[in-house]
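Here is the structure we will look at.
2 protein chains.
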Amino acid sequence: MSVAPAVVLLSGGVDSATTAAIAQRDGFDVHALSFRYGQRHAVELDAAAAVARQLGVREHRVVDVDLRAFGGSALTDDIAVPKGRHIDADDIPVTYVPARNTIFLSFALAYAEVIGSSDVFLGVNAVDYSGYPDCRPEFVAAFEVMARLATKAGVEGRQHLRVHAPLITFGKADIIRTAVDLGVDLAATISCYDPSDDGGACGACDACQLRREGFVAAGVADVTRYASLAS
Amino acid sequence: MSVAPAVVLLSGGVDSATTAAIAQRDGFDVHALSFRYGQRHAVELDAAAAVARQLGVREHRVVDVDLRAFGGSALTDDIAVPKGRHIDADDIPVTYVPARNTIFLSFALAYAEVIGSSDVFLGVNAVDYSGYPDCRPEFVAAFEVMARLATKAGVEGRQHLRVHAPLITFGKADIIRTAVDLGVDLAATISCYDPSDDGGACGACDACQLRREGFVAAGVADVTRYASLAS
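As they're listed, the protein sequences go chains L and W. In this text, residue positions in the first sequence follow my numbering: the first is 1, and each later residue adds one. In this text, residue positions in the second sequence follow my numbering: the first is 1, and each later residue adds one.
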């Protein structure tokens, strides 16, 4: 059986790790792509590398992208990360990074074209999406339409891009159950927006609380390593 | 009169300089955006800065983007730049950079959101487009559809993104005539794919020949500074 290459956006969180494992389950040879984009903490990239190793992906590339050039987010600027769950889906939180998924998917498209792949995976989900516009199915579908017109490989018929978002209808508990079923080492992943320098999760930000609720709802022991004071 | 901000992709070539002048003529306050993307020569960025100064734009930002991470083009790799005109529009040339305009427009989208702009300009044209898929009107239209779904400002109704490609139906002679009419200093621009270290145009690559033909067809003196051996 020949194995088709796929590009998987890998952040180091539960969602993208699970997405990479799903791509492997579905028979793809995974080329993982991460970004150094001015995150406050490099902990995320360490987690992405650990996940890539654990899953045994074909290749893991990290691309430098200077999202701080424009500012506008608590994840890249000196804006405090809010604590507590972000409930109102109509109110987009300050942790939103302008056009982030559009930029990341554009790089994935370039990478896919160069390695001769027609399949890009990303781990967005619209259920617990916290109000990010670029995590919605209509955004993913529109990106796919655009991408099919954008590349030399597309025009020449060698690429008919598919953007896979296998978690799009999953809640956090579904994701954690799937991750466990597929053998993802969840202790290697990090979801926290505000981790300690050694990678401990704060336990209090929106992402931490969502993750913790997911473990509880899935009936799976929470293997997250929390920073000592917040656990 | 209040002046609306616009983001203009500025490469330092004739097309993007003319596009910036058109945006100003149409009443926009221009925020120019250039990329350091592993070009073989920094000459392009010097030209972009000179054009930005000459037009008196509001702001000119240069963002680092590592397109070399994926390779695949004579403009960023050690592939020889071919000499002579590229005639066959069905055969995409080796100077194509994978997903370049998609990536550049994605950054423009982020910049537009941060400065509260709904207008992005780029200088592509489909007539003399040399076969690049991401210079076609259908690509530009599809990007616009996607971009309207991608941002917080779009979802909140503060942004209804328009991607302007005012040169899309122009030939090179039309562009040069328009540039002259709008007072663009064409001597400050550079189109060459393979310039000398001090910014002299080679006169022989596809971009140089297209530009030279444009000056001739427009009946305008060619103010291009050619490298000594090629003129």
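From the three backbone atoms N, C-alpha and C, an ideal C-beta is built for every residue, glycine too.
The three-state secondary structure of L109 (chain L), taken from DSSP, is helix. The closest CA to that of A147 (chain W), considering only W:V163, W:P137, W:V124 and W:D174, is found on W:V163.
Minimum Cα-Cα distance from H31 (chain L) among the listed residues L:P98, L:T18, L:I115 and L:V140 corresponds to L:I115. Minimum Cα-Cα distance from V57 (chain W) among the listed residues W:V63, W:Y132 and W:A48 corresponds to W:A48. Using a 10 angstroms sphere on the CB of E138 (chain L), the tally of other CB atoms stays under 16, which defines it as exposed. Just measuring C-alpha positions, the residue of W:I190, W:E144 and W:C205 sitting nearest L161 (chain W) is W:E144.
Listed as beta-bridge partners of E59 (chain W) by DSSP are W:H31.
Exposure of R25 (chain L) is indicated by the presence of fewer than 16 other C-beta atoms within 10 angstroms of its C-beta. Rounded to the nearest whole angstrom, the CA to CA distance from L55 (chain L) to V7 (chain L) is 14 Å. Among the bridge pairs identified by DSSP, Y226 (chain W) is matched with W:A201. A residue is called buried once 16 or more other Cβ atoms fall within 10 Å of its Cβ, and S228 (chain W), having fewer, is exposed. Residues of the region 15-42 of chain L that bring their beta carbon within less than 8 Å of a beta carbon in chain W are absent altogether. Here the alpha carbon of K172 (chain L) sits roughly 34 Å from the alpha carbon of L149 (chain L).
Note on R53 (chain L): under 16 other CB atoms within 10 angstroms of its CB, so exposed under the neighbour-count rule. Cα atoms of F121 (chain W) and V124 (chain L): separation of roughly 29 Å, rounded to the nearest angstrom. Under the criterion of beta carbons closer than 8 Å, D197 (chain L) and C205 (chain L) do not qualify as touching, at roughly 16 Å.
Spanning the alpha carbons of S11 (chain L) and L105 (chain L) requires a straight line of approximately 13 Å.
Residues of the region 102-113 of chain W with a C-beta atom less than 7 Å from some C-beta of chain L are T102, I103, S106, F107, L109, A110, Y111 and E113, listed in chain order. In the displayed model, D66 (chain L) falls within coil according to three-state DSSP, outside both helix and strand. DSSP lists W:D29 as the beta-bridge partner residues of P5 (chain W). Approximately 7 Å separates the beta-carbon atoms of I176 (chain W) and V14 (chain W); this is inside 8 Å, confirming the contact. Ranked by Cα distance from D134 (chain L), the first of W:T178, W:E213, W:C192 and W:A110 is W:A110.
Taken through DSSP and simplified to helix, strand or coil, R136 (chain W) comes out as coil.
With a beta-carbon spacing of about 14 Å, T18 (chain W) and V223 (chain W) fall beyond the 8 Å limit used to define contacts. Taking the Cα positions, V155 (chain W) is about 23 Å away from V3 (chain W).
Relative to G214 (chain L), the option among L:Q159, L:V97 and L:V127 whose CA is nearest is L:V127. DSSP places V220 (chain L) outside any beta strand (DSSP E), giving it a letter other than H or E. For V63 (chain W), the residues of chain L that pass the 7 Å Cβ criterion are D66 and A69, in the order they occur in the chain. P133 (chain L) reaches chain W at L149, A150, T151, K152, G154 and V155, counting residues in chain order whose Cβ is nearer than 7 Å.
Taking 9 Å as the cut-off, the Cβ atoms of F107 (chain L) and F28 (chain L) do not count as close. DSSP, read as helix, strand or coil, puts D119 (chain W) in strand.
Not flagged as an interface residue toward chain W: A217 (chain L), since no C-beta distance is shorter than 9 Å.
In the structure shown, R158 (chain L) adopts coil according to DSSP, grouped into three states.
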